[in-house]
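Here's the structure, in structure tokens; my notes come after.
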Amino acid sequence: MNKTYIIGNWKSNKTSSDVRGWFESISQMKSEFGDLDNKAIILCPPFHHLALSSALIQEYELPFELGAQDVSPFEMGAYTGEIAAAQLKEYVSYVIVGHSERRKNFSETDEMVAAKVKMALKEELKPIVCVQGKDTPIPEGAKIIAYEPVFAIGTGKADNPEDAEEVLKFFREKGIETTIYGGSVNPDNVLSFVEKDSIDGVLPGTDSLDPKLFAEIIHNI
Ligand code: PEP
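The numbering of the sequence shown is my numbering, which starts it at 19 and goes up by one.
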């Protein structure tokens, strides 16, 4: 049986003391995560919290892996403000690429997304490519995609599971191995998504910020 992915995207949220509090709280709910054999839980904090998050995962012995929210399209070098894949791989196994917030607010193009995927793959990171619909191009080598319809992100209005299933089935048939849904996922609707044949997991943003809600999402799968 394939694993069900739960990918928490904290976006640009939390101070260091918030991060400590989040881990302390969720560590007290560990026993409620349920059967972990079939779950891959990946947390994507902001870059500067990766080292702290890694230390806290070890300290509390949590079954979490780390992902980054973005990666530089360049190698290490003179690219002020960027974090290269070779640097990220000290902390993470996954990286989100092409989130619609980056496309909208930072003018990220399909070409930049493809360059980021290439750098991630070169350093053996697993890119999670966000697609906004069937016409989003999938960069060569990408094996994990997250369908995140823009209307559902941060609005509390999730897509309906049948529509999400239809889009993700389309990508599965194109050879994508792992297909994930994101957009206002919460503890109450999570099962309606992951029970679909073509939905391998979820990518909650808002509800990953609250340790109780994130633990409930894990539990309810
Ligand atoms: C996201 O962060 O990609 C996301 C889907 O956020 P939310 O769960 O808040 O809609």
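Note that CB positions come from ideal geometry on N, CA and C, so glycine has one too.
Query, Result
"Name the two residues that bound the continuous beta strand (DSSP E) containing Lys57.", "Lys57 to Cys62"
"With the cut-off set at 8 Å, would you say Val113 and Ala86 are in Cβ contact?", "yes"
"Looking only at its chain, what residues have a beta carbon closer than 6 Å to the beta carbon of Gly99, apart from the 5 residues adjacent to it on each side?", "none"
"Secondary structure at Thr196, three-state DSSP: helix, strand or coil?", "strand"
"How would you label Phe241, buried or exposed, when you count the other beta carbons within 10 angstroms and need 16 or more for buried?", "No information on residue 241 is available, as it lies outside the stretch 19 to 239 that the chain covers here."
"For Gly39, does the three-state DSSP call read helix, strand or coil?", "helix"
"Skipping 5 residues on each side, what residues in its chain have a beta carbon closer than 7 Å to that of Asn31?", "Leu227"
"Return the chain-ordered list of same chain residues with a C-beta closer than 7 Å to the C-beta of Gln150, the five sequence neighbours on each side being excluded.", "Ser118, Glu166, Pro167 and Val168"
"What is the DSSP secondary structure of Leu68, counted as helix, strand or coil?", "helix"
"Quick one: residues in its chain with C-beta nearer than 7 Å to the C-beta of Asn20, no 5 flanking neighbours on either side, listed in chain order?", "Asp218"
"Would Val131 and Gly159 be called neighbours here (beta carbons separated by less than 8 Å)?", "no"
"Have a look at Val147 and Gly200 and give me their C-alpha separation to the nearest angstrom.", "12 Å"
"Where Ile163 and Gly95 are concerned, what is the direct C-alpha to C-alpha distance, given to the nearest angstrom?", "28 Å"
"If you follow the alpha helix (DSSP H) that Glu142 is part of, which residue opens it and which one closes it?", "First-last for Glu142: undefined, no H or E at that position."
"For the alpha helix (DSSP H) containing Glu183, name the first residue and the last one.", "Pro179 to Glu191"
"Buried or exposed for Leu74, going by 16 or more other Cβ atoms inside 10 Å?", "buried"
"State yes or no: is the C-beta of Val203 nearer than 7 Å to some heavy atom of the ligand PEP?", "yes"
"Give me the Cβ distance between Ile235 and Thr22, rounded to the nearest whole Å; I'm assuming they're in contact under 8 Å.", "In fact, because the Cβ distance is near 11 Å, the residues do not count as touching under 8 Å."
"Where does the unbroken alpha helix (DSSP H) through Glu83 begin, and where does it stop?", "Taken as a continuous stretch (DSSP letters only), Glu83 belongs to no alpha helix (DSSP H), being part of the beta strand (DSSP E) at Phe82 to Ala86."
"By the 10 Å Cβ neighbour count, where 16 or more other Cβ atoms means buried, how is Leu106 classified, buried or exposed?", "buried"
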